[in-house]
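Undergrad:
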Amino acid sequence: LPAVFFAHIHAHRQTAQSARPEKGRTGPLAGAPPPPPTARDATDSVRHCDSLRSRGSHRSCTLALALISCACPVRVSPAAMGAGLGKTVNLRSMHLHAIHWHICPAASYHNLASCLCDGEIIQLLDGRMLDDRALYLEALRVNPRSALTLACLSSCLNDGETVQLADGRTLTRTELCVEALRFNKKSAYVFSCLSHSMTNVDTVSLPDGRTLTQREVLLNAIRFNRRDPDCYINLGLLLGYNESIRLPNGRLVTKLELYLEAIVLARNRPTKVATALVNIASCMLPYETIRLSDGRVLNKQELLIEAVRQNGNDFFAFFNMACGTSVTPTIRLHDGRMLGRLELLAEAARCDPRSTLPLTSLASSLDRNDSVVLTDGRRLNKRELYAEALRIDPTSRMAATRLLDCYRPLRLPPRDRLDDD
C-alpha cells in the first residue's frame, strides 16, 4: 500500500516536472530518483483517493490518510487536508486508522502514544482502551528494536516502577534506556531519558562496557545533540554555584553559563527560556544582576518577571516571586498587574493544581479567621487550604499537622500578664 501511494505521488511530480522543463533540458534527469512528496502532493493524493471512494472504493481515503501520517516524510497539515476534503481530519484519527488497517503499525502505535497527555486513555477502532504506556508496549511488540520507543516508554514510568515487555523481561526505567542504547548508541534523546532515570550519585553500565555518572550521561547527550537546551539545563542543575564542567567541544563552563547557553538555543521555545531564567534567578541574591545574550542586564526579580512573560504558566516563577515579596511587597508584571504575596501564591496554585506547596504557603500566610480567593473563584480559609492540600496529597505530614493546629484552642497568656497589659 505505501508503494501504491507513493507511486501516485511520484507520477504526479514527474508529470508536473515534464510539463515545465528547465532551460536547456527536455525533462527530468535520466536515472535521477523521484523527488520526495510534498504537502501539496499528499493533499492532491487524498483528493484523488476520496474521488475513488465516491465511486465505490470506500477504504481509499482512509488508507491515504493513514499512509500520510506514517510514511510521508513531509509535515502535512491535517487541518489543511481536512479543509480540502470538506471533512475534519486530525493526527489522532489518522494514527487510529493507520493502526486499524495495519499500516506501519509500530510507527502508528508510537505516534498515537506521543499525542496523548499524562494519564489519558484513548479508544482504538477495535474497541481497546489503551494509555500511552500500553501503546508503546504495542509498538515494541511489533518492533522490539526501536530505541526511540524504548526511551519514550521509560519516560512513562515513575521511580521504582517496572514494565514487562512482550519477551517476558521486566525492566526498570534505567534498564529500558540501556536496552535502547543497544540499538542506537548515538541517540541524544536516549541519553537524556537515561539521565532522568538517575540521581547525581548513581552510575550506569552501558552495553559497550563503560560506567557513567549522571553528569557523564548528560555530556554524552550534548555530544550527540549540541542544540538541545534541556541537556544544558539539566546539567546546570547538577553543578554547584562555583563549579565548572568541560563540554565535549572543550569549553569550560559554569552553572550560569549553561543556563545562558540554554536560553540562546531555546530562542523559539518560550517554556524552555522561562525554565532557564528561573534557574538563573534561583542562583542569585536580590541585589545581583546578570547580562543576558541580548545585552539586557536584569536582577533577580526582573528575571522572574521575564520568565512569566515567556510562560504565563510557570509555577516556579510565580512561587519564587512570592518568596521574594519580603524585599518588595508587590510586584508589577509585564502585563501591568500588581500582585502581592497572596496573589502570586494563588497564581502558582493555578499553574500546578497538583502541588500542595502554594496551598500550604497560602495557609501559613493567613490568620485563623482570614480567607483568600483562588484564581478559580473559590474562597478558602486557613483550615480549608490545609484540607485541600491533604486532598491533593494525603501523605503530606505538614498539611495534616497544620490542620490539627487550626482546631486546637488558642493559648491565652497568664491572667496576671493580661492585667499588666
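Numbering (this note's numbering), first residue to last: -17 to 403. Heads up, the beta-carbon is just placed ideally off N, CA and C, and yes, glycines get one too.
Take the Cβ of Cys99 as the centre, count every other Cβ of all protein chains shown within 10 Å, and call the residue buried at 16 or more, exposed below.
TA: Under this definition Cys99 is an exposed residue.
Undergrad: Helix, strand or coil for Arg74, going by three-state DSSP, please let me know.
TA: Note: Arg74 maps to helix in three-state DSSP.
Undergrad: Please determine if the segment 100 to 108 and the segment 144 to 160 are in contact, where contact requires at least 3 C-beta pairs separated by less than 8 Å.
TA: Verdict: no, contact absent.
Undergrad: Near Pro252, which residues of its chain fall below 6 Å by C-beta distance, leaving aside the five closest residues on each side in sequence?
TA: Correct list, in chain order: Gln292 and Asn293.
Undergrad: What did DSSP end up calling Val418 once you bin it into helix, strand or coil?
TA: The first residue shown for the chain is -17 and the last is 403, placing residue 418 beyond what the model contains.
Undergrad: On the CB-based measure, 16 or more other CB atoms within 10 Å of its CB, does Val355 come out buried or exposed?
TA: Burial call: exposed.
Undergrad: Could you give the DSSP three-state label for Thr154: helix, strand or coil?
TA: It is a strand residue.
Undergrad: Looking only at DSSP bridge pairs, what is Met303 linked to?
TA: Beta-bridge pairing links Met303 to no other residue.
Undergrad: Starting from Met111, follow the beta strand (DSSP E) in both directions and report where the run begins and ends.
TA: Note, Met111: beta strand (DSSP E), Met111 to Asp113.
Undergrad: Determine the burial state of Asn216: buried for a count of at least 16 other Cβ atoms within 10 Å of its Cβ, exposed for fewer.
TA: Classification for Asn216: buried.
Undergrad: To the nearest angstrom, how far is it from the Cα of Arg300 to the Cα of Arg123?
TA: Looking at the sequence provided, one finds Phe at residue 300 rather than Arg. Going by the C-alpha atoms only, they are around 44 Å apart.
Undergrad: Report the start-end ranges of each alpha helix (DSSP H) in the segment 343 to 389 that is 4 residues or longer and not cut off at the edges.
TA: Fully enclosed alpha helix (DSSP H) runs of 4 or longer: 364 to 374 and 379 to 389.
Undergrad: State the beta-bridge partners of Leu234 as determined by DSSP.
TA: Partner(s): Arg228.
Undergrad: Return the CA-CA distance between Val58 and Cys265, expressed in angstroms with no decimal places.
TA: Because Val58 sits at a pLDDT of 46, beneath the cut-off of 50, its placement in the model cannot be relied upon, and the point is left open.
Undergrad: Provide the residue span of the beta strand (DSSP E) that contains Ile103, from first to last.
TA: Its beta strand (DSSP E) spans residues Ile103 to Gln105.
Undergrad: Thinking C-alpha only, which one of Ala121, Cys97, Met111 and Arg110 is nearest Ile85?
TA: Closest option to Ile85, Cα to Cα, is Ala121.
Undergrad: Just how far apart, CA to CA, sit Thr377 and Tyr368?
TA: One C-alpha to the other measures close to 12 Å.
Undergrad: Across which residues does DSSP place Ile313 in a beta bridge pair?
TA: Per DSSP, Leu321.
Undergrad: Got a sec, what are the start and stop residues for the alpha helix (DSSP H) Asn216 sits in?
TA: Taken as a continuous stretch (DSSP letters only), the alpha helix (DSSP H) holding Asn216 covers Pro211 to Leu220.
Undergrad: Determine the direct distance from the alpha carbon of Ile374 to that of Leu321, and round the result to whole angstroms.
TA: Between Leu321 and Ile374, the C-alpha separation is close to 26 Å.
Undergrad: What did DSSP end up calling Arg332 once you bin it into helix, strand or coil?
TA: Arg332: helix per DSSP, three-state reduction.
Undergrad: Out of Leu229, Ile245, Glu225 and Ala263, state which residue places its alpha-carbon closest to the alpha-carbon of Leu200.
TA: Here the closest residue by C-alpha is Leu229.
Undergrad: Taking Leu324 as the reference, give the member of Asp349, Leu194 and Ala289 with the closest Cα.
TA: Per the Cα distances, Asp349.
Undergrad: Taking the continuous beta strand (DSSP E) assigned at Arg205, which residues delimit it?
TA: It is not in any beta strand (DSSP E) - Arg205 instead sits in the alpha helix (DSSP H) that spans Gln196 to Phe206.
Undergrad: Would Val279 be called buried (16 or more neighbouring beta carbons within 10 Å of its own) or exposed?
TA: Its Cβ having fewer than 16 others within 10 Å, Val279 is exposed.
Undergrad: Taking the alpha-carbon positions, what's the Leu386 to Glu366 distance?
TA: Going from the Cα of Leu386 to the Cα of Glu366 covers about 12 Å.
Undergrad: Compute the Euclidean distance between the alpha carbons of Ala331 and Ser353, then round it to the nearest angstrom.
TA: Distance between the alpha carbons of Ala331 and Ser353 is about 15 Å.
Undergrad: Do Ser179 and Arg155 count as a contact pair if the criterion is CB distance below 9 Å?
TA: Cβ atoms of Arg155 and Ser179: closer than 9 Å.
Undergrad: What does a CB cutoff of less than 6 Å around Asp113 pick up in its chain, not counting 5 residues either side in sequence?
TA: Only Ile103 meet the Cβ criterion.
Undergrad: Quick one, are the C-beta atoms of Ala244 and Asp212 less than 9 Å apart?
TA: Yes, Cβ-Cβ distance for Ala244 and Asp212 is below 9 Å.
Undergrad: State the start and end residues of the unbroken beta strand (DSSP E) segment that holds Val145.
TA: Per DSSP, Val145 belongs to the beta strand (DSSP E) from Thr144 to Gln146.
Undergrad: Which stretch, first to last residue, makes up the beta strand (DSSP E) that contains Ser136?
TA: That residue, Ser136, is in no beta strand (DSSP E); its alpha helix (DSSP H) goes Ala129 to Ser137.
Undergrad: On the CB-based measure, 16 or more other CB atoms within 10 Å of its CB, does Ser275 come out buried or exposed?
TA: It is exposed - the Cβ of Ser275 has fewer than 16 other Cβ atoms within 10 Å.
Undergrad: Could you please give me the residues that DSSP links to Thr253 through a beta bridge?
TA: Answer is none; Thr253 lacks a bridge partner.
Undergrad: For Arg273, which three-state DSSP category applies?
TA: Arg273: strand per DSSP, three-state reduction.
Undergrad: Is the separation between the beta-carbon of Gly222 and that of Leu238 shorter than 9 Å?
TA: Their beta carbons are not under 9 Å apart, which means Gly222 does not touch Leu238 by this criterion.
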